[in-house]
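Enquirer:
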Amino acid sequence: MLNDYAETHNFEEGHSEEEPEPSAKAYYDMLGAAQRPLHGHTNVSQLDAIARLMAVKSQFSLSHRNFDVMLTVIARMLPEGHILPKNMYELQKLLRALKMPYEKIHACPKGCVLFQSGDGVKRQMLVAAKILRYLPFIPRIQRLYMTEDTAKQMTWHKKGVRYHPENLVHPADGYSWTHFDGIHHEKADEPRNVSNFTTKYYADNLPSVHNPPPRYNVAENESSLSLFQGQLESASGATSEFLTYNEWRTIMLYVLTNLKETNSYIEEFVHQFWRRSRNPTSNEIDSLLKQGAGSGKPDFISWFKKKGQTDESMNAELRQVSNGCDYRVRSFNGYDVNGYRFHTTTYEESCHSPEF
Numbered sequence: 056m057l058n059d060y061a062e063t064h065n066f067e068e069g070h071s072e073e074e075p076e077p078s079a080k081a082y083y084d085m086l087g088a089a090q091r092p093l094h095g096h097t098n099v100s101q102l103d104a105i106a107r108l109m110a111v112k113s114q115f116s117l118s119h120r121n122f123d124v125m126l127t128v129i130a131r132m133l134p135e136g137h138i139l140p141k142n143m144y145e146l147q148k149l150l151r152a153l154k155m156p157y158e159k160i161h162a163c164p165k166g167c168v169l170f171q172s173g174d175g176v177k178r179q180m181l182v183a184a185k186i187l188r189y190l191p192f193i194p195r196i197q198r199l200y201m202t203e204d205t206a207k208q209m210t211w212h213k214k215g216v217r218y219h220p221e222n223l224v225h226p227a228d229g230y231s232w233t234h235f236d237g238i239h240h241e242k243a244d245e246p247r248n249v250s251n252f253t254t255k256y257y258a259d260n261l262p263s264v265h266n267p268p269p270r271y272n273v274a275e276n277e278s279s280l281s282l283f284q285g286q287l288e289s290a291s292g293a294t295s296e297f298l299t300y301n302e303w304r305t306i307m308l309y310v311l312t313n314l315k316e317t318n319s320y321i322e323e324f325v326h327q328f329w330r331r332s333r334n335p336t337s338n339e340i341d342s343l344l345k346q347g348a349g350s351g352k353p354d355f356i357s358w359f360k361k362k363g364q365t366d367e368s369m370n371a372e373l374r375q376v377s378n379g380c381d382y383r384v385r386s387f388n389g390y391d392v393n394g395y396r397f398h399t400t401t402y403e404e405s406c407h408s409p410e411f
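Heads up: the sequence shown begins at 56 in the numbering used here, then just goes up one per residue.
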């Protein structure tokens, strides 16, 4: 597309004027607008003025009507012949060239069914419960070739200078790439080919299938216990609640039976209180941990708490866990755990998403 632009603006003898394709022309018009002053007595360009005004609109959440009034007032203060857009509609027409196209695809709430074309009319409700956005690949590749700097980077593997040719400085220097070029000469002769440009080579800050945006606190957890090593972050505001005794027992039993550090204590507890000659089944172990061995016998929560008070070799963090959690806890509607977001059933039911 840079070639299109050069040919369009080359008026030397032997060259005829040729229009670039529509999307490239719109983008180059935008680049031209960036160089045109807002009026004859300023160095502020039209695009710079528009960008500043749009920033104000976003910062103060101005409606379209308020923004149009502001543009009208500013326009009356400018000299005649200024090129400030009259309203939001004209401004958006000018900025449209900067936008990248995407397609909206309606889907069911869980994302398992996509509705396109006639299916969307016949099988879904008027308000979609979920909308997936498909980003076409080709326009985004074309945009990379519309400016000189990025176009040079896109063809560097073919035209770039290797100061250390003995080193592998680009995948194109590897055996697989050179072998592919030797077989497919027509693709090797075109330096703009991007057949190797897949999502796994994106930069770290560009979300993709192979690089999802982080949904958790990347700072390392200070706890050394296995169950608390995950990367966590709340996805909602917290509310204070008091646990019932049964809720408290359920939480404590879950924590104690899912910590790797308590496996040896669980084995010791089962060995001490299981009196039958055969080995217990998993269900019998669960029942023993929860209810104890019978009347007057402690369950695992009580036994482990006493163990923490007498066993000097127990890990300090594990001893703190053995004392039990507080009955007053902070409750969240959503939580991010290792990159996955979880919501409570109550929260999901309150969303009232339309069903198909």
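Ideal Cβ positions, reconstructed from N, Cα and C, are used throughout, including at glycine.
Output the distance between the C-alpha atoms of A243 and F235, rounded to the nearest integer angstrom.
Expert: As a working note, residue 243 is residue 188 in the sequence shown. As a working note, residue 235 is residue 180 in the sequence shown. Rounded to the nearest angstrom, the two C-alpha atoms are 8 Å apart.
Enquirer: For the putative contact between L49 and S100, defined by C-beta atoms under 8 Å, what is the C-beta separation to the nearest angstrom?
Expert: Outside the displayed range of the chain (56 to 411) lies residue 49, so it cannot be described from this structure.
Enquirer: Which of helix, strand or coil does DSSP assign to Y390?
Expert: As a working note, residue 390 is residue 335 in the sequence shown. Reduced to three states, the DSSP call for Y390 is strand.
Enquirer: Taking DSSP's pairing of strands, which residues face Y189 in a bridge?
Expert: Taking the first residue of the sequence shown as 1, we reach residue 189 at position 134. Answer is E158, bridged to Y189.
Enquirer: Label V468 either buried or exposed according to how many other C-beta atoms from any shown protein chain fall within 10 Å of its C-beta, with 16 as the threshold for buried.
Expert: Nothing can be reported for residue 468: it is not among the residues displayed for the chain, which extend from 56 to 411.
Enquirer: On the criterion of 16 or more Cβ atoms from any shown chain inside 10 Å, does P140 qualify as buried, or is it exposed?
Expert: The residue you call residue 140 lines up with position 85 of the sequence shown. Per the 10 Å Cβ criterion, buried.
Enquirer: From this set, K352, A104 and T305, which residue's C-alpha is nearest L133's C-alpha?
Expert: On the sequence shown, residue 133 is found 78 positions in, with the first residue counted as 1. With distances taken between Cα atoms, L133 lies closest to A104.
Enquirer: Compute the Euclidean distance between the alpha carbons of H240 and E158, then round it to the nearest angstrom.
Expert: As a working note, residue 240 is residue 185 in the sequence shown. As a working note, residue 158 is residue 103 in the sequence shown. If you take the alpha carbons of H240 and E158, they lie about 35 Å apart.
Enquirer: Give the straight-line distance between the Cα atoms of M143 and R120, rounded to the nearest whole angstrom.
Expert: Taking the first residue of the sequence shown as position 1, residue 143 is located at position 88. Taking the first residue of the sequence shown as position 1, residue 120 is located at position 65. Roughly 8 Å separates the two Cα atoms.
Enquirer: With DSSP collapsed to three states, give me the class of A293.
Expert: Counting from one through the sequence shown, the residue named residue 293 turns up at place 238. DSSP places A293 in strand when its eight states are reduced to three.
Enquirer: Using CA coordinates, which residue listed in I129, D84 and L314 is at the minimum distance from L153?
Expert: For the purposes of this step, residue 153 is taken as residue 98 along the sequence shown, with counting starting at 1. With distances taken between Cα atoms, L153 lies closest to D84.
Enquirer: If you follow the alpha helix (DSSP H) that H240 is part of, which residue opens it and which one closes it?
Expert: Numbered from 1 along the sequence shown, position 185 holds the residue referred to as residue 240. Looking at the DSSP string, the run of the alpha helix (DSSP H) that includes H240 is H240 to A243.
Enquirer: H398 lies in the beta strand (DSSP E); which residues open and close that run?
Expert: Mapped onto the sequence shown, residue 398 falls at position 343. First-last of the beta strand (DSSP E) with H398: Y395 to H398.
Enquirer: Nearest CA to the CA of W329: which residue from K315, G349 and I138?
Expert: In the sequence shown, the residue the question calls residue 329 occupies position 274. If we check each option's Cα against that of W329, G349 comes out closest.
Enquirer: Compare the beta carbon distance of P164 and K148 with 8 Å and say whether it is the shorter of the two.
Expert: Here residue 164 refers to the residue found at position 109 when the sequence shown is read from its first residue. Here residue 148 refers to the residue found at position 93 when the sequence shown is read from its first residue. Contact flag unset, no.
Enquirer: In the structure shown, what three-state DSSP assignment does F115 receive?
Expert: Taking the first residue of the sequence shown as position 1, residue 115 is located at position 60. F115 falls in the coil class under three-state DSSP.
Enquirer: Going by alpha carbons, who is nearest to N388 out of A183, N222, N334 and S405?
Expert: Here residue 388 is taken as the residue at index 333 of the sequence shown, counted from 1. Of A183, N222, N334 and S405, the residue nearest in Cα terms is S405.
Enquirer: Tell me whether R330 sits in a helix, a strand or coil according to DSSP, three-state version.
Expert: As a first step, residue 330 must be located in the sequence shown, where it is residue number 275. Note: R330 maps to coil in three-state DSSP.
Enquirer: Less than 8 Å between the C-beta atoms of T424 and L344, yes or no?
Expert: Given a span of 56 to 411 for the chain in the structure shown, any question on residue 424 remains unanswerable.
Enquirer: Mind checking F397: buried by the 16 CB within 10 Å criterion, or exposed?
Expert: For the purposes of this step, residue 397 is taken as residue 342 along the sequence shown, with counting starting at 1. Counting Cβ neighbours within 10 Å, F397 comes out exposed, since fewer than 16 surround it.
Enquirer: Could you spell out the range, first to last residue, of the alpha helix (DSSP H) harbouring D366?
Expert: Indexing the sequence shown from 1 puts residue 366 at position 311. First-last for D366: undefined, no H or E at that position.
Enquirer: Could you tell me whether the Cβ atoms of R383 and A293 are closer together than 8 Å?
Expert: On the sequence shown, residue 383 is found 328 positions in, with the first residue counted as 1. On the sequence shown, residue 293 is found 238 positions in, with the first residue counted as 1. Going by C-beta atoms, R383 is not nearer than 8 Å to A293.
Enquirer: Specify the secondary structure class of P335 as computed by DSSP and reduced to three states.
Expert: As a working note, residue 335 is residue 280 in the sequence shown. P335 falls in the coil class under three-state DSSP.
Enquirer: Beta carbon of G347, beta carbon of D341: below 8 Å?
Expert: The residue you call residue 347 lines up with position 292 of the sequence shown. The residue you call residue 341 lines up with position 286 of the sequence shown. Not a contact, by the Cβ cut-off of 8 Å.
Enquirer: Where do the N-terminal and C-terminal ends of the alpha helix (DSSP H) with S143 fall, by residue?
Expert: Residue 143 sits at position 88 when you count from the first residue of the sequence shown. It is Met, not Ser, that sits at residue 143 in the sequence shown. Counting along the chain, the alpha helix (DSSP H) containing M143 begins and ends at M143 to L150.
Enquirer: Does P134 come out as helix, strand or coil in the three-state DSSP assignment?
Expert: In the sequence shown, counting from the first residue as 1, residue 134 sits at position 79. Looking at P134 - three-state DSSP - the assignment turns out to be coil, as it is neither helix nor strand.
Enquirer: Count the other CB atoms within 10 Å of the CB of S377; is the residue buried (16 or more) or exposed (fewer)?
Expert: Translated into positions along the sequence shown, residue 377 becomes position 322. Its Cβ being crowded by 16 or more others within 10 Å, S377 is buried.
Enquirer: What whole-angstrom Cβ distance do G95 and G136 have, given they're in contact under 8 Å?
Expert: Stepping through the sequence shown from its first residue, residue 95 is reached at position 40. Stepping through the sequence shown from its first residue, residue 136 is reached at position 81. That belief holds up - the Cβ atoms of G95 and G136 are roughly 6 Å apart, short of 8 Å.
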